[in-house]
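Trainee: After the structure tokens below, expect a handful of questions from me.
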Amino acid sequence: MPATDQEIIELFGQDKTKEKGFNLLVEKYKQDIYFNIRRLVFSHEDANDISQNVLIKIWKHLDQYRGEAGLKTWIIKICVNESLTFLERKKKMLNIIDEEGYNDYVTKTVAEDRFLSGDKIQHLLQEAIQRLPEKQRAVFTLRYYEEMPYEEMAKIFGGSEGGLKASYHFAVKKVEEFLLQY
Amino acid sequence: MNSLEELKKENPFTVPEGYFEQLEKNVMSQVARHKKLVLRRKIITYSAAVAAVAVLLISVNGFIFKSETPAENLAQVETTTDKLLAVDNGNLSALSGQYPEVNLDMVGFDNVDYQILDFYDDEMSDFYDEMSDVEL
Chain R
95 MPATDQEIIE LFGQDKTKEK GFNLLVEKYK QDIYFNIRRL VFSHEDANDI SQNVLIKIWK
155 HLDQYRGEAG LKTWIIKICV NESLTFLERK KKMLNIIDEE GYNDYVTKTV AEDRFLSGDK
215 IQHLLQEAIQ RLPEKQRAVF TLRYYEEMPY EEMAKIFGGS EGGLKASYHF AVKKVEEFLL
275 QY
Chain W
11 MNSLEELKKE NPFTVPEGYF EQLEKNVMSQ VARHKKLVLR RKIITYSAAV AAVAVLLISV
71 NGFIFKSETP AENLAQVETT TDKLLAVDNG NLSALSGQYP EVNLDMVGFD NVDYQILDFY
131 DDEMSDFYDE MSDVEL
């Protein structure tokens, strides 16, 4: 049975048990961290790098966690921020300036990915998600896959619940329009 | 397919075998390295602080006591005493000539040369002798 968030925080708060507390956190949340990042950045290699960065950030800053949001929400917020920063940098590095160029890049990446299973419609769904603007992609994946309440999402993105609902609604529409083409 | 709701919600992403165990190991080894780094930084900061305090204390000590070693202090005291005695024996006699009304017993020096008082008396008697010859 995994440790409770309270146990993790208490263990982490004491010098002697800090590492043990962190180890329990890694065990409990490593998959959540990895897959939330993977849905945003798509590639396994990138998701692996960002996951490690996120976990090290958590190690460095968990003592600053004040419990305003749940521990999982706090962790996912770090995942989202790190992923968005990474995507911004990657876009600049790849020198992609227009939407068409980005979509071509996404199609190629999804087709060549070694760590993607599922049928054709699942691949198309991932391609549709990768074509969404980064922040809208984050809103969509958290709502669609994690079924995260808008109230929690507002703690991550900082906007109003209404704005997030609208963002999700537009994202769903774009994804459905893309899937309808096939 | 007309709506996203018709689609089965599944996770199509896979990872290499044993990936999550490896991720955990990598992260824990990075944490151990980070801990060492933090400890080393603390030691360096502490050592620098101790060194700075030591330098400050040495500087303050040097400033307050300058070059005053006990031997130098003693030499300085002896020189000052000699100078005072010189004032006593030399300048004081000249001083008493200018201010005859000064009672040297009041000055408080034990080794005052009292001959100057004799000289003063002789001079005064000569003066009185001379005055007595003057016709008024």
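Protein chains in written order, with my numbering: chain R, 95 to 276; chain W, 11 to 146.
Cβ atoms here follow ideal geometry from the backbone N, Cα and C, with glycine treated the same way.
This one's a predicted model, so the numbers in the text were calculated from it and none came from an experiment.
To the nearest angstrom, how far is it from the Cα of Asn189(R) to the Cα of Leu218(R)?
Mentor: Going from the Cα of Asn189(R) to the Cα of Leu218(R) covers about 25 angstroms.
Trainee: With a cut-off of 8 angstroms, do at least 3 Cβ pairs link the stretch 211-225 of chain R to the stretch 106-121 of chain R?
Mentor: The answer is no - the stretch 106-121 of chain R does not touch the stretch 211-225 of chain R, with fewer than three Cβ pairs under 8 angstroms.
Trainee: If the cut is a Cβ gap below 9 angstroms, which residues of chain R does Ser13(W) touch?
Mentor: Within 9 angstroms Cβ-Cβ: Val266 and Glu270.
Trainee: Using the beta-carbon of each residue, which ones in chain W are nearer than 7 angstroms to Trp168(R)?
Mentor: The contacting residues do not exist; Trp168(R) stays about 17 angstroms from chain W at best.
Trainee: Checking contacts by CB at 8 angstroms: is Val37(W) closer than that to chain R?
Mentor: Chain R contact via Cβ: present.
Trainee: The alpha helix (DSSP H) with Arg133(R) in it runs from where to where?
Mentor: Where Arg133(R) is concerned, the enclosing alpha helix (DSSP H) stretches over Lys112 to Val135.
Trainee: Please name the residue, chosen from Lys249(R), Asp109(R), Val200(R) and Gln158(R), that lies closest to Arg225(R) on a Cα-to-Cα basis.
Mentor: Residue Val200(R) is the option with its Cα nearest to Arg225(R).
Trainee: Taking Glu34(W) as the reference, which of Glu101(R), Tyr128(R), Glu193(R) and Asp109(R) has the closest Cα?
Mentor: Measuring from the Cα of Glu34(W), the nearest candidate turns out to be Tyr128(R).
Trainee: Identify whether Phe264(R) lies in helix, strand or coil by the three-state DSSP scheme.
Mentor: In this structure, Phe264(R) counts as helix in the three-state DSSP scheme.
Trainee: When you compare the CB of Val46(W) with every CB in chain R, is at least one pair closer than 8 angstroms?
Mentor: The sequence given here has Lys at residue 46(W), not Val. So, not an interface residue.
Trainee: With a threshold of 8 angstroms between beta-carbons, can Glu240(R) be considered close to chain W, or not?
Mentor: Taking Cβ atoms only, chain W never reaches closer than 8 angstroms to Glu240(R), which makes this a no.
Trainee: State yes or no: is the beta carbon of Val200(R) nearer than 8 angstroms to at least one beta carbon in chain W?
Mentor: Answer no: the Cβ-Cβ gap between Val200(R) and chain W never drops below 8 angstroms.
Trainee: Can you confirm whether Phe30(W), when its beta carbon is compared against all beta carbons of chain R, has any partner nearer than 8 angstroms?
Mentor: So, interface residue.
Trainee: For the stretch 169-188 of chain R against the stretch 55-73 of chain W, do three or more pairs of beta-carbon atoms, one drawn from each stretch, fall closer than 8 angstroms, so that the two count as touching?
Mentor: Short answer: they don't touch.
Trainee: Which of the residues in the stretch 95-129 of chain R, read from start to end, lie with their CB under 8 angstroms from any CB of chain W?
Mentor: Result list: Glu113, Phe116, Asn117, Val120, Glu121, Lys124, Gln125, Tyr128 and Phe129.
Trainee: Could you tell me which chain W residues have their CB closer than 7 angstroms to the CB of Gln216(R), listed as they occur along the chain?
Mentor: Chain W residues near Gln216(R): Glu20 and Pro22.
Trainee: Helix, strand or coil for Phe209(R), going by three-state DSSP, please let me know.
Mentor: Three-state DSSP puts Phe209(R) in coil, outside helix and strand.
Trainee: For Val63(W), I'd like the list of residues in its chain whose CB is within less than 8 angstroms of its CB, leaving aside the five on either flank, ordered along the chain.
Mentor: Cβ neighbours of Val63(W) beyond the five flanking positions: none.
Trainee: Residues in the same chain with beta-carbon distance under 6 angstroms from Gln230(R), minus the five sequence neighbours each way, listed in chain order, please.
Mentor: Result list for Gln230(R): Ser261 and Ala265, in chain order.
Trainee: Should the stretch 231-245 of chain R be called in touch with the stretch 142-162 of chain R, which here means at least 3 C-beta pairs below 8 angstroms?
Mentor: The stretch 231-245 of chain R is not in contact with the stretch 142-162 of chain R.
Trainee: Which residue wins for smallest C-alpha separation from Tyr123(R), given the options Glu206(R), Phe234(R), Val148(R) and Ala163(R)?
Mentor: Of Glu206(R), Phe234(R), Val148(R) and Ala163(R), the residue nearest in Cα terms is Val148(R).
Trainee: Is any beta-carbon of chain W found at less than 8 angstroms from that of Gly212(R)?
Mentor: Closer than 8 angstroms to some Cβ of chain W, the Cβ of Gly212(R) qualifies, so yes.
Trainee: Using a beta-carbon distance cut-off of less than 9 angstroms, what residues from the stretch 139-170 of chain R approach chain B?
Mentor: In summary, chain B is missing from the structure at hand, where the protein chains are R and W.
Trainee: If I measure Cβ to Cβ from Ala248(R) and keep anything under 8 angstroms in the same chain, skipping five residues before and after, which residues do I get?
Mentor: Within the same chain, Ala248(R) has close Cβ partners Ser254, Glu255 and Leu258.
Trainee: Per DSSP, which one or two residues make a beta bridge with Phe23(W)?
Mentor: Paired residue(s): Leu210(R).
Trainee: Can you tell me whether Leu17(W) is helix, strand or coil according to DSSP?
Mentor: Coil, per DSSP.
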